[in-house]
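Notes for the one structure printed next.
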Amino acid sequence: MAMTKIQIIGSKSKLEATLRTLQRLGTVQVEDVTEHGPAPVLPRMTLDQAGLSQREEIGLLVTRLESLGALLPQPPKAANLSRLYEEASFKSTEDLVAEARRVLGETGPKAQSLALRRDELEAEQASLTRYQATLRRVLPLAAEIPELAGYETVALLIDRRSSGVLDLIRQQLSRLTGDHFELSAQHVDEETTAAIVVFPRDQSAQVNALFGRENISQLRLPRELAGVSFKEALATMAARLAEIPGEIERIRQELRRLGEEWAPSLALLRAALSDRLREVEVAGQVGATRYTFVLVGWTARRDLSALKEALARGVGAQVLVGEVEVGREELKRAPVALANPRPVRPFEFLVTLVALPRYGALDPTPLMALFMPIFFGLILGDVAYGVALLFLAALLLRRFREGALRSLAQVMILCGFWAVLFGFLFGEFLGSFGHRAFGLKPLWMERSGETLVPLLVFAIAVGVAHVMLGLVLGMWEAVQTRSRRQFSERLGKFIALIALFWLLAIVA
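Plus 163 on top of the position in the sequence shown (first one is 1) and you've got my numbering.
And the structure:
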C-alpha cells in the first residue's frame, strides 16, 4: 500500500482534539518530531504538573479496571459495544476519570470481597481434602489404640525409605516416658509410613522436641479441630466438605450477576482510558512552540483525503495537514500496511509471523495464498485427513468471529479442500484403507514404489518452477526499487539455472 509522510500543524489548544481524532481514525503512525521532524528541530511537548498527575491517575485507573475485570466472569459481547465505545471517545478525559472512579467505588469492594471469600473457600476445600485423605490412611491405626485420660495421641508421617527411624523413636520414647507409651505403625502407600504414638500429656514438650530433632512430620489438624479425636475430625471434615461447594456456587452466581451488570462498563472504560493514556504518550512525540504544535507521521495515501476531512470536521480550520517530500532512503523507513483482496487476507497473519516485507517490496501474501494450500494438499493428499481438517476449521469458524484463529481456520479450509482433492487424485483414504475397504481408486496416480520416479520428477519440477518464479519476481522487484545489483544477481542465477537444466536435459 502506498504511504505518504504528513505534517500536521495547529493551534496548541487543539492538540487534544487532534490526537483524539487520529485515535478514532487509526490510520496515522506518529513519529518523534525530534528525530524525523522538520528542520530546525522543535522541542518535544512537555506535560505540566497537572498533566503528569492526570497521566499517573489514568494509568492507575486502567490497572484497577483490568484487575476488577479479571475478577468478574465475562458475559457475551454486547451488540452495541462499538457504538458505546464511539460515544465514550467523544467524552472528556475528566468525565471518563470521574465515571471510572464511580464504577470502581460501587463495584470494586463487593467484587473483591466475594473473590476473596471464594479463594478462601477453595483453599479450605483443598486443605480439608488433603487432611481427609491422610486421616483415612491413619485412622485404622488409631482404632487399635484406646483413648486414655491424661495421654496425648500424635500421628506421624515418615518417608518409607526412612522407616528404620521408628526403632530409634521407640528407644527414645522408652527413655523419656519410662515405657509409658504405645507406638503402632504400618505402610499406608508406596512412599509413606504412618505411625500413631500415645504418651503421657505431661511429657508432651520433650516428645515433640524429639520429633523435631529427628525431622519427623506430625499430622497437625486445623486449629478448629484441635483436641478432637481423629474419627470425630474426619466426620467434621466430611460435613464441611459437603457444605463448601454450595457456598462457592452462591459466590460464583453473585459474581456472574455483577459481571453481567458491570463487565461491559469496565471493558468500555478500560479501552477508552487506555486510548487516553496512549494519547498522552503520543503527545510526548509532538513538537511544540509557544502557541502551536507540529506532528509528523505516516498514513496510507488513499486515506489522506479522509484524514483531512475528519480533522476539518472534528477540530476545525485551526489545524492544517500537508504532505512532506521524502527521499529514497527515508522512504525505506515507511511503515508497511498490507492491502489484499478479501480471499487473500487470511494469509496476511502467516506473513506477519515471519516478517513484514519492507516498504516498496513485493507483498508475498497473494503468492502464499496461491501456492501454500496446493503444496499442503499435495503433501498430505488424503481424503480422510482433509475432511478432518475441514471439520476442525468449521469448529474454529463457529468459535472465533475475528482474530488470528479465525484467519487460521480460513486457511485450513483451503488446505483441507486441496488435501481432499489430491486424496482423490492419489486414491488415498487413511492411506490404502480406502482401496481395501470400498475400492477407492486413484484418478491420477497411486503413490507407491512403482510410481516413485514419476512422483520424484513431479516434485522436482514443482520445486524448479517455484524457484524460477521467485527469481522472476525478484527481478521485477529490483526494477521497481531501481537496484541494479539485485537485478544482476537474480538475472545471473536465473540464466545459470536455465543452463544447468538445459545441460541435464541434453545428457538425459
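Yeah, the Cβ is synthetic: ideal placement off N, Cα and C, and Gly gets one too.
Check: Which same chain residues, not among the five before or five after residue 328, have their C-beta less than 8 Å away from its C-beta?
Finding: 321, 377 and 379
Check: Within this structure, are the beta carbons of residue 631 and residue 654 separated by less than 8 Å?
Finding: no
Notebook entry, point to check: When you compare each of 506, 551, 571 and 543 to residue 516 by their alpha carbons, which one comes out closest?
Noted result: 571
Checklist line | Close-in-space but distant-in-sequence residues of the same chain around residue 400 (CB under 8 Å, 5 per side omitted) | finding: 291, 294, 295, 298 and 388
Checklist line | Rounded straight-line distance, which links the Cα of residue 408 to that of residue 271 | finding: 24 Å
Checklist line | Distance between beta carbons of residue 169 and residue 462, contact taken as under 8 Å | finding: 6 Å
Item checked: DSSP-derived helix/strand/coil call for residue 461 -> strand
Checklist line | Same chain, Cβ closer than 6 Å to residue 367, neighbours up to 5 away in sequence not counted | finding: 315
Check: In the structure shown, what three-state DSSP assignment does residue 194 receive?
Finding: strand
Notebook entry, point to check: Among 538, 522 and 511, which has the Cα closest to the Cα of residue 624?
Noted result: 538
Note to self: Please return the same chain residues whose Cβ sits closer than 8 Å to the Cβ of residue 440, not counting the five positions on each side in sequence.
What the structure shows: 218, 221, 222 and 225
Notebook entry, point to check: What does residue 342 pair with, by DSSP beta-bridge criteria?
Noted result: For residue 342, which the question treats as bridged, DSSP gives no partner whatsoever.
Next item on the list: Classify residue 515 as helix, strand or coil using the three-state DSSP reduction.
Entry: helix
Item checked: residue 442 vs residue 186 beta-carbon contact at 8 Å -> yes
Next item on the list: Measure the C-alpha to C-alpha separation of residue 323 and residue 371 and round it to an integer number of angstroms.
Entry: 21 Å
Check: Under the DSSP definition of a beta bridge, which residues are partnered with residue 168?
Finding: 461 and 487
Check: Where does residue 646 fall in DSSP's three states?
Finding: coil
Note to self: Once the 5 residues before and after residue 495 are set aside, which same chain residues still bring their CB inside 7 Å of it?
What the structure shows: 521 and 522
Notebook entry, point to check: Hey, how far is the Cα of residue 331 from the Cα of residue 283?
Noted result: 40 Å
Notebook entry, point to check: Where does the unbroken beta strand (DSSP E) through residue 363 begin, and where does it stop?
Noted result: 355-363
Notebook entry, point to check: How many angstroms separate the CA atom of residue 362 from the CA atom of residue 300?
Noted result: 21 Å
Notebook entry, point to check: So what does residue 348 bridge to, in DSSP terms?
Noted result: 358
Check: On the three-state DSSP scale, how would you describe residue 380?
Finding: strand
Notebook entry, point to check: Sorted by chain position, which residues of the same chain lie with C-beta nearer than 6 Å to residue 573's C-beta, five sequence neighbours on each side aside?
Noted result: 509
Note to self: Counting C-beta neighbours from all protein chains within 10 Å, is the total for residue 581 16 or more, i.e. buried, or is it exposed?
What the structure shows: buried
Checklist line | For residue 525, the three-state DSSP class (helix, strand or coil) | finding: coil
Notebook entry, point to check: Leaving out five residues before and five after residue 457 in sequence, what residues of the same chain have Cβ atoms less than 8 Å from its Cβ?
Noted result: 170, 171, 172, 196, 200, 201, 205, 449, 450 and 451
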